[in-house]
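Visitor: Residues are numbered in this note's numbering as their position in the sequence shown, beginning at 1, plus a constant of 45. C-beta: ideal position from N, C-alpha, C; glycine also. Please find one structure pasted underneath; my questions will follow.
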Amino acid sequence: MPVASERAVVLVSGGMDSAVVLALARERGLDCYALSVSYGQRHGSELEAAAALAKVQGAVAHKQVIVDLRSIGGSALTADIDVPESGGAGIPVTYVPARNTIMLSVALGWAEVLGAREIHCGVNAVDYSGYTDCRPEFIAAFERLAALATKAGVEGAPLRVQAPLMRMSKADIVREGMRLGVDFARTVSCYQADAQGRACRHCDACRLRAEGFAAAGVADPTRYQPA
46 MPVASERAVV
56 LVSGGMDSAV
66 VLALARERGL
76 DCYALSVSYG
86 QRHGSELEAA
96 AALAKVQGAV
106 AHKQVIVDLR
116 SIGGSALTAD
126 IDVPESGGAG
136 IPVTYVPARN
146 TIMLSVALGW
156 AEVLGAREIH
166 CGVNAVDYSG
176 YTDCRPEFIA
186 AFERLAALAT
196 KAGVEGAPLR
206 VQAPLMRMSK
216 ADIVREGMRL
226 GVDFARTVSC
236 YQADAQGRAC
246 RHCDACRLRA
256 EGFAAAGVAD
266 PTRYQPA
């Protein structure tokens with residue numbers, strides 16, 4: 046078990062997965078530095094949720110970095126493209142080009158400055174939407190890149206990328222969060238949540254979240270927009 050002085054940068058989006066990742070890192074006794082990225086997503090309520098979760102869950106600090114992915118578009122989350130309300134084949138239009146690569150790169154830079162040895166993220170390859178940057182192959186490749194591209198890596202202290210939810214179902218994530226005392230009511234997962242963080246009920250993220258609570262046998266605490 047690590048000592049309390051060990052540091053980790055934890056990507057916190059405001060959603061349920063990253064809230065569980067932060068709780069797992071805190072359980073290990075790590076000093077957690079929460080990082081959120083404002084990339085031009087449809088709403089700011091998830092970023093507000095991220096800041097609140099970082100504080101409630103005991104992060105040492107919370108930093109928000111702005112990266113304007115809306116300027117290149119290419120996704121229903123960063124352009125004027127309708128968010129689909131039903132699943133389909135292939136990679137969905139809610140995939141944001143290079144998002145996880147950019148977020149991990151920002152986290153990598155901050156980790157080097159802090160002297161942190163780990164980066165934690167909530168990517169998942171089981172109950173996910175088909176995103177290419179949520180696979181174990183991607184995480185392994187980024188970790189190799191980090192070892193080559195950083196001063197820490199070249200000097201023999203490469204950073205590790207931890208993705209503890211990678212092979213967990215949404216139901217497993219719900220159960221783990223309940224064990225850790227995560228307040229899921231504070232989290233925002235919806236692709237088109239309103240200014241109050243209330244979910245739309247219809248998008249892929251809402252569907253996966255609701256199915257996870259149902260499969261776990263846990264009452265869904267999600268705040269929904271009026272029908």
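Among 216, 192, 104, 115, whose alpha-carbon lies nearest the alpha-carbon of residue 88?
Guide: As a first step, residue 88 must be located in the sequence shown, where it is residue number 43. For residue 88, the nearest C-alpha among the options comes from 115.
Visitor: What does the alpha-carbon distance come out to for the pair residue 246 and residue 235?
Guide: For this step, residue 246 is matched to residue 201 along the sequence shown. For this step, residue 235 is matched to residue 190 along the sequence shown. The alpha-carbon atoms of residue 246 and residue 235 are separated by roughly 8 Å.
Visitor: Determine the direct distance from the alpha carbon of residue 200 to that of residue 260, and round the result to whole angstroms.
Guide: As a working note, residue 260 is residue 215 in the sequence shown. As a working note, residue 200 is residue 155 in the sequence shown. About 46 Å.
Visitor: In this structure, does DSSP put residue 178 in helix, strand or coil?
Guide: Working through the sequence shown from its first residue, we reach residue 178 at position 133. Residue state, collapsed to three classes: helix.
Visitor: Rank 85, 52, 104 by C-alpha distance to the C-alpha of residue 64 and give the top, closest one.
Guide: Translated into positions along the sequence shown, residue 64 becomes position 19. Checked all of 85, 52, 104; the closest Cα to residue 64 is 104.
Visitor: Run the CB neighbour count on residue 163, radius 10 Å, all protein chains shown included, and call it buried at 16 or more, exposed below.
Guide: Within the sequence shown, the letter at position 118 stands for residue 163. Label assigned to residue 163: buried.
Visitor: Hey, out of 120, 161, 140, whose CA is closest to residue 198's CA?
Guide: Counted from its first residue, the sequence shown places residue 198 at position 153. Nearest C-alpha to residue 198: 161.
Visitor: Within 10 Å of its beta-carbon, does residue 92 have 16 or more other beta-carbons around it, so buried, or fewer, so exposed?
Guide: As a working note, residue 92 is residue 47 in the sequence shown. Buried.
Visitor: Are the CB atoms of residue 146 and residue 113 nearer to each other than 8 Å?
Guide: For this step, residue 146 is matched to residue 101 along the sequence shown. For this step, residue 113 is matched to residue 68 along the sequence shown. Cβ distance not < 8 Å, so residue 146 and residue 113 don't count as in contact.
Visitor: Using the Cβ count rule (16 or more neighbours within 10 Å means buried), how would you classify residue 215?
Guide: Along the sequence shown, read from residue 1 onward, the residue named residue 215 stands at position 170. It is buried - the Cβ of residue 215 has at least 16 other Cβ atoms within 10 Å.
Visitor: Out of curiosity, what's the CA-to-CA distance linking residue 182 and residue 140?
Guide: The residue given as residue 182 occupies position 137 in the sequence shown. The residue given as residue 140 occupies position 95 in the sequence shown. Whole-angstrom Cα-Cα distance: 17 Å.
Visitor: If I measure Cβ to Cβ from residue 127 and keep anything under 6 Å in the same chain, skipping five residues before and after, which residues do I get?
Guide: Sequence index remark: in the sequence shown, residue 127 carries index 82 (1-based). Hits under 6 Å: none found.
Visitor: Between 122, 123, 61, 74, which lies nearest to residue 98 when the distance is taken from Cα to Cα?
Guide: In the sequence shown, residue 98 corresponds to position 53, counting from 1. When only C-alpha atoms are compared, the closest one is 61.
Visitor: In terms of residue numbering, what span does the alpha helix (DSSP H) encompassing residue 156 cover?
Guide: In the sequence shown, the residue the question calls residue 156 occupies position 111. First-last of the alpha helix (DSSP H) with residue 156: 144-159.
Visitor: Suppose the cutoff is 8 Å on Cβ atoms and the five residues either side in sequence are ignored; what does the same chain contact list for residue 48 look like?
Guide: What you label residue 48 is simply residue 3 of the sequence shown in a count that begins at 1. Confidence at residue 48 is low in this model, with a pLDDT of 42, below 50, so the placement of that residue is unreliable and no value is reported for it.
Visitor: In the DSSP output, what is residue 76 paired with across the bridge?
Guide: Here the question's residue 76 lines up with position 31 in the sequence shown. Its beta-bridge partners are 52.
Visitor: Please report the straight-line C-alpha distance between residue 267 and residue 150, rounded to a whole angstrom.
Guide: Position 222 of the sequence shown holds residue 267. Position 105 of the sequence shown holds residue 150. Going from the Cα of residue 267 to the Cα of residue 150 covers about 31 Å.
Visitor: At the level of alpha carbons, what is the spacing between residue 69 and residue 225?
Guide: Locating residue 69 in the sequence shown gives position 24, where the first residue counts as 1. Locating residue 225 in the sequence shown gives position 180, where the first residue counts as 1. Looking at the two C-alpha atoms, the distance is approximately 8 Å.
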